[in-house]
Amino acid sequence: MKLIYGSEKFFITKNLNKEKAKYLDIDILVFDNNIDLSELLEKISNPPLFSNKKLIVINDFELLTISKFNKKQDKIADEYIKFLSSNILDEIIFVCNFSKLIDNKFTTFLKKKAEIIESKKLEKDALIKQLNILAKSHNIKISYINIETFIEKMPDNLEIIMNEFENLISNYKEISYDLIENVVAKYSKNQAFSFLNSIETYDLKKIYDKYLERTSEGDEIYLLLNQINSIFSDCLTYYHLVKIGLNTNEICSKMKVPEWKIKKLSVVLKRYGVTKIKKIIYDLAEIDVKIKSYVGDVNEIFEMFLIKNF
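Structure follows, in C-alpha cells:
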C-alpha cells in the first residue's frame, strides 16, 4: 500500500507511472474521488485461482481531504482502516494532490502503514541543476544562463518544462539563446507581456500584428504604452550603468533583474541605438499627453506612433 501526495503533478505522475509499469493494463484499476468500500471489495475479493495481482489507484480520496469527519465519514474511515489492515493481495495506491497531508485518523493510519511518496515542487536552483545534469548526460552544450533563461520564460508547469527541454536535447547538440527564444515564443502568445517580444524585433509588421492580437485579447493601449516605456527606459538605465564601468553581475544587482533580461536589454540597445531610444521615450511622453486630452479613438494615435517609430 502506498500514498503518493504533493503539489508537483509532474512527480506524482512519474511516481505513479513507475508503479503502473509493473502491471499489465488489464490489471490496473483507477478510481477518481470516492469509491464505496463495497465496490472496492467487489473488485478485489474472491480472486480467481490464477489471477494476476491488481494495482488499484484511488485519486483524491475524500478521507484524505477532510480535517474533521462527521459521523458518517468517521464510520467510513473505520471501515477502510479495518479493511486495509487485513491481508490484501492487491496493491492499493492513494493519490492526493495536496502539498501537505491533512491530519485525521485515516491519514494517521496511512502514515504508519503505507509507503509515503512525497512529490515536492523543485526550487529554481534545484531545477537548473537537474536540467544541467540532463544536458551533460546527453553531451549537450548549454550555458547556465541559458538554462535559467529557459526556466524563467516557460510556464510554471514542470511537465511542460521537462517535455520541451527533453525535446531540445534530443534534437540539438548546442542550445543557444536564440533557440530558446524560438521554443518559448509559443507559450508567450497569449500572455500580456508578449507584446514586448515584438518590440525587440524592430520589425513594424511583427509589432503591428502583435498590437492587433493583444488589443483583440482585451489589452488596453495604456498597458502597451507602459510596456514600451518600460523596456526602453530600462535600456537607457543599462546603457548608463555600462558607461560607468559596471559588469553584468553588478548591473543585475543594481537593476534587480535576472541576467537573461540584461542580455535582452543589450540586444534591444544594439538594434535601436541610444539616439533612437531617446527619441521613442520623448515621443511616448507626447503621446501620453495627446491620449489623455483626446476624445476620439486612441488606437489611431497609437498606430501613428508605431508607424513613425518602428
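Per full-length UniProt numbering: the sequence shown = residues 1 to 310.
Each residue gets a CB set at the ideal place from its N, CA and C atoms; glycine is no exception.
Since we're looking at a predicted model, the values are computed, not measured.
Residue i in three-state terms, based on DSSP
{"i": "Lys189", "result": "Unreliable placement is indicated for Lys189, whose pLDDT of 45 sits below 50; the coordinate value is still reported in the next sentence. Here Lys189 sits in coil by DSSP."}
{"i": "Leu246", "result": "coil"}
{"i": "Leu3", "result": "strand"}
{"i": "Ser176", "result": "coil"}
{"i": "Asn87", "result": "coil"}
{"i": "Asn226", "result": "helix"}
{"i": "Ser266", "result": "helix"}
{"i": "Lys68", "result": "coil"}
{"i": "Val184", "result": "helix"}
{"i": "Leu236", "result": "helix"}
{"i": "Ala21", "result": "coil"}
{"i": "Phe106", "result": "helix"}
{"i": "Asp219", "result": "coil"}
{"i": "Ile76", "result": "helix"}
{"i": "Asp36", "result": "coil"}
{"i": "Phe310", "result": "coil"}
{"i": "Asn52", "result": "coil"}
{"i": "Val298", "result": "helix"}
{"i": "Val289", "result": "helix"}
{"i": "Tyr211", "result": "helix"}
{"i": "Ser261", "result": "Here the sequence assigns Lys to residue 261, which means Ser is not the residue at that position. In this structure, Lys261 counts as helix in the three-state DSSP scheme."}
{"i": "Ser99", "result": "coil"}
{"i": "Tyr202", "result": "coil"}
{"i": "Lys279", "result": "helix"}
{"i": "Glu8", "result": "coil"}
{"i": "Lys14", "result": "helix"}
{"i": "Glu303", "result": "helix"}
{"i": "Lys82", "result": "helix"}
{"i": "Lys256", "result": "coil"}
Which listed residue (the options) has its alpha carbon closest to that of residue i
{"i": "Phe195", "options": "Lys173, Asn171, Glu174, Leu225", "result": "Leu225"}
{"i": "Ile116", "options": "Ser85, Thr13, Lys290, Gly6", "result": "Gly6"}
{"i": "Glu152", "options": "Val183, Tyr272, Lys113", "result": "Val183"}
{"i": "Asn97", "options": "Phe11, Asp90, Leu212, Ile231", "result": "Phe11"}
{"i": "Tyr272", "options": "Leu37, Lys71, Asp203, Ala185", "result": "Asp203"}
{"i": "Leu127", "options": "Asn157, Asp178, Asp74", "result": "Asn157"}
{"i": "Ile76", "options": "Ser170, Ile92, Asn309, Leu40", "result": "Leu40"}
{"i": "Asp125", "options": "Ile147, Lys113, Leu55", "result": "Ile147"}
{"i": "Leu64", "options": "Leu168, Tyr208, Lys53, Val95", "result": "Val95"}
{"i": "Phe106", "options": "Ala135, Tyr211, Phe61", "result": "Phe61"}
{"i": "Tyr144", "options": "Glu174, Ser216, Ser230", "result": "Glu174"}
{"i": "Glu42", "options": "Gln73, Asn70, Lys22, Asp90", "result": "Asp90"}
{"i": "Leu101", "options": "Ile66, Ala135, Lys113, Phe83", "result": "Ile66"}
{"i": "Phe232", "options": "Tyr208, Pro258, Thr215, Lys264", "result": "Lys264"}
{"i": "Ile287", "options": "Met304, Ile277, Lys278", "result": "Met304"}
{"i": "Asp78", "options": "Pro155, Phe109, Ile58", "result": "Phe109"}
{"i": "Ala21", "options": "Lys54, Ser38, Val268, Asp32", "result": "Lys54"}
{"i": "Phe310", "options": "Met154, Lys279, Ala285, Lys290", "result": "Lys279"}
{"i": "Asp103", "options": "Asn87, Lys68, Ser293", "result": "Lys68"}
{"i": "Asp283", "options": "Phe302, Glu259, Tyr211, Ser293", "result": "Phe302"}
{"i": "Lys14", "options": "Leu37, Met162, Glu217, Val30", "result": "Met162"}
{"i": "Asn52", "options": "Asp74, Leu168, Tyr23, Glu213", "result": "Tyr23"}
{"i": "Lys111", "options": "Leu84, Ser230, Ile169, Leu134", "result": "Leu84"}
For residue i: DSSP bridge partner residues
{"i": "Val30", "result": "Val57"}
{"i": "Phe94", "result": "Leu3, Ile58"}
CB-CB length for residue i against residue j, believed under 8 Å
{"i": "Ser119", "j": "Glu8", "result": "5 Å"}
{"i": "Asn299", "j": "Ile221", "result": "6 Å"}
{"i": "Leu131", "j": "Phe165", "result": "6 Å"}
{"i": "Lys256", "j": "Leu246", "result": "Not a contact, Cβ separation roughly 14 Å."}
{"i": "Thr149", "j": "Tyr177", "result": "6 Å"}
{"i": "Leu241", "j": "Ile251", "result": "5 Å"}
{"i": "Lys113", "j": "Met1", "result": "6 Å"}
{"i": "Ile4", "j": "Leu16", "result": "6 Å"}
{"i": "Asp32", "j": "Asn59", "result": "5 Å"}
{"i": "Ile199", "j": "Ile228", "result": "6 Å"}
{"i": "Leu212", "j": "Tyr238", "result": "Their Cβ separation, rounded to whole angstroms, is 29 Å, which puts Leu212 and Tyr238 out of contact at 8 Å."}
{"i": "Pro259", "j": "Thr275", "result": "One detail in the question is off: residue 259 reads as Glu in this sequence, not Pro. About 26 Å separates the two Cβ atoms, so there is no contact after all."}
Residue i at chain B interface by Cβ criterion, 8 Å
{"i": "Leu204", "result": "Among the chains in the structure shown there is no chain B, since it carries only a single protein chain."}
Practice task
Let me know the beta strand (DSSP E) ranges lying completely inside the segment 114-179, each 3 residues or longer, listed in chain order.
Solution key: Counting only runs of 3 or more, we get 115-119.
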